[in-house]
Amino acid sequence: MEMEKLVSLCKRRGFLFQSSEIYGGLNGFWDYGPLGVELKRNVKEAWWRDMVSGHDDLSVLPGAPDSYEMTGLDCTIIMHPQVWKCSGHYDLFADMMQSCRQCKKLFRADHVWGLMRETEWANAIAETLASNFDAEQIEVDAEKLAKWAKDRKGGRRLAPGLALVRHPENTLASLQQSLAEMKADSFPVLLQHLATEDKKTSGLLTPCPECGGDLTEPREFNLMFETIVGALKDESNKAFLRPETAQGIFVNFKNVLDSTRVKIPFGIAQVGKSFRNEITPRNFTFRSREFEQMEIEFFCHPDSSQSWYKYWRDRRMQWYQDLGLAGERLILREHDPDELSHYSTGTADIEYAFPFLPAGEYGELEGIAHRGDFDLRSHMEGKLDEKSDPLVVQLDEHGKPKYRGSGKDLTYRDELTNERYIPHVIEPSAGADRATLAFLCEAYREDSAPDDKGNLQTRTVMSLHPRLAPVKAAVFPLVKKDGMPEVAKDIYRALKPKFSVSYDEKGAVGRRYRRQDEAGTPFCITVDGDSLIDRTVTIRDRDTLEQTRVRIDDIESEIENRIQS
RNA sequence: GCGGGUGUAGUUCAAUGGUAGAACAUCAGCUUCCCAAGCUGAAUACGAGGGUUCGAUUCCCUUCACCCGCUCCA
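The opening residue of the first sequence carries number 1 in our numbering; numbering runs sequentially from there.
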């Protein structure tokens, strides 16, 4: 399926428009049209019904370790700025940053060379060459450098990411070629050469102060959209639009406990807008800057968190499959251990092979993460250092917490055992827009159907699951005369309070069927000559084109049954 | 963020330094007893800003958006 066809259908039929289109559009922002809003609402409502309001908390569901409760929440988009400091979002995304392509560490661009002076491996090189940071001209001894690079106690240990260590021959060859052209170099420039395997293709790279790997160009990381609370524009009342809904759940954990009598294990669900100032929004709505999330934070006892993690991973996968993403384009990908934060004992992504991705690549629809007690404890004690093991509060240069937590007690007391503990958290975090896009991609189909002369014509169909379809049924009089419109209108009025239905009497009936096919309407009800005599109508199935006759009085239950099946 | 490409009607495409066309879709009417039929009629477009020019949709610059590749993706 070509993506352009889907994009143009979405525009043509009113699923998706570019935001602010009459002004030329705005990168990374998309609007849902009349059909799109129904589709997306249905996705969110299916999620809420299946996960929250329709949840059976009395039974032990298949695959679950125990019965559990589910409850909901709807919190604000703008929260206390401290929330984002403790969550870790604030630190990661401000100022000009460079990240290391080898060890992935992020640095403020203006700190890199300052850090380098303190760096063990950089000083070791200075020592090897009997030079220093302020040297204007360096005596380069390739032999000594090569020896240091291969030394287990030298380069191998101190700067595993450095090009000189990873590919000594190439790097030294590249260096010597440059020296022949330039003669003299300062020490920092020499370090850059040592981080560059092939200057011709990559340009001169800056080494990572940590591991010696090559850094990306300095980039501004403004992940979070900023705003001002209050009338005066002032640094002190700066606030952020949330980049995820999850933190609102964590900071309300105690409120929910105190107000609802829920007992662990239980989950809190939330659907809502989030905002990320993406560096490269692309691929239709896949990476939008304003998007909607459907998140659950599931709180459980540390001892049982592993089995709850597995339960949620499989449950969420099944949900997408039940709603039509049943084929090989949907995969569950368990993260490798080295991809995980060390405090996480498991993370899985549910991914879909979107048509705009290269063959064999998948895009994330949902991540299910085991987050341990990281979030609750951060909001309690102060931001935890993700690299510490066991997790401890991250301190500033004065030995105080870098970001103070709330100081509130977010532990849970088991009333039966009297045990007090910080719950562990399983986080199934789904993208509503990404799910909607995946359903649209999966639904798009072209097949052949005969026209009135029996010639095969291309037919474009959106084979959406009936639960998701924006319009459940369309009601037509076969022709616009002989009392058929009146009967059809009565049927339409009778169905309207129950389902989303549409009425159409214009033009040939075949055209009306095709129009509904493009909108994804699963059923078309047609009033014909016989209807006036025996009060029956035909129901036409979008996917099979089959028509069956049912009594007018049975239409509602017939549609109800077909949507459920 | 870098490089390349593309912006004309709702959609898909033409043409042009001097009145911008088509197909499909849309709307109105006629016709029509089951899958985009037919006939008649109607409405609708040069992404935005600036420059060159008597005159710019066309040439130039800037900008915005989209597509492809690289980069990135908490």
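Backbone N, C-alpha and C define an ideal beta-carbon position, used for all residues, glycine too.
Query	Result
Opening and closing residue of the beta strand (DSSP E) in which L384 lies	Looking at the DSSP string, L384 is not in any beta strand (DSSP E), and its letter there is neither H nor E.
Option in A46, K44, G24 and F15 with minimal Cα separation from D31	F15
Best match in I296, G203 and W48 for proximity to E217 [C-alpha to C-alpha]	G203
Stretch pair the region 70-84 + the region 111-131: three plus CB contacts closer than 8 Å	no
Three-state secondary structure (DSSP) of Y362	coil
The beta strand (DSSP E) enclosing K238, as first and last residue numbers	K238 to F240
Proximal residues to T458 (C-beta, below 6 Å), its chain only, five neighbours per side dropped	E446
Three-state secondary structure (DSSP) of I188	Note that residue 188 is Pro in the sequence shown here, rather than Ile. In the structure shown, P188 sits in a helix (DSSP, three-state: H, G or I).
Length of the line joining the Cα atoms of A494 and R13	26 Å
Enclosing beta strand (DSSP E) for C75 [first to last residue]	It is not in any beta strand (DSSP E) - C75 carries neither H nor E in the DSSP assignment.
Cα-Cα separation between K498 and V475, rounded to whole angstroms	14 Å
Inter-residue Cα distance where the pair is E546 and D528	16 Å
Local Cβ density within 10 Å of E442, reported as buried at 16 or more and exposed below that	buried
Validate contact between the region 304-319 and the region 463-470 using beta carbons, cut 8 Å, 3 pairs	no
For Q18: DSSP bridge partner residues	W30
Alpha-carbon spacing of D234 relative to I228, whole angstroms	7 Å
Where C300 sits in the DSSP three-state scheme	strand
G576 - partner residues in DSSP beta bridges	Nothing can be reported for residue 576, as the shown portion of the chain is limited to 1 through 565.
Where the beta strand (DSSP E) containing I249 begins and where it ends	Not the beta strand (DSSP E): I249 falls in the alpha helix (DSSP H), residues A246 to V251.
Spatial neighbours of Y421 in its chain, beta-carbon cut-off 8 Å, leaving aside the 5 residues before and after	H301, P302, T411, Y412 and D414
Extent of the continuous alpha helix (DSSP H) run through K85	P81 to S87
The beta strand (DSSP E) enclosing T436, as first and last residue numbers	Element bounds for T436: not the beta strand (DSSP E) but the alpha helix (DSSP H), A432 to A443.
Three CB pairs or more closer than 8 Å across the region 255-269 and the region 64-78	yes
Contact belief for I533 with I491 at Cβ below 8 Å, rounded distance in angstroms	Rounded, the Cβ-Cβ distance is 16 Å, inconsistent with contact.
Cβ-Cβ distance between A353 and I368 below 9 Å	no
Endpoints, the alpha helix (DSSP H) within which A269 is located	Unbroken run through A269 is the beta strand (DSSP E), F266 to F275; no alpha helix (DSSP H).
Own chain, CB closer than 6 Å to F17, minus 5 neighbours either side, in chain order	D31 and G33
Whole alpha helix (DSSP H) elements within the region 96-152, 4-residue minimum	112-118, 120-128 and 142-150
Inter-residue spacing [alpha-carbon to alpha-carbon] between M294 and G155	47 Å
Beta carbon of E558 nearer than 9 Å to that of V550	yes
Candidates L340, I555, K480 and D433, of which the one nearest G363 by Cα	D433
Nearest-angstrom Cα separation, counted from R377 out to Y343	12 Å
Anticipated Cβ contact below 8 Å, T548 with I555, distance rounded	Not really, about 11 Å apart at Cβ, beyond 8 Å.
Integer-rounded CB distance, given that E292 should sit under 8 Å from E427	Not confirmed; about 17 Å, so no contact.
Residue closest to E361, alpha-carbon to alpha-carbon, out of T345, R333, G88 and H379	R333
C524 - DSSP class collapsed to helix/strand/coil	strand
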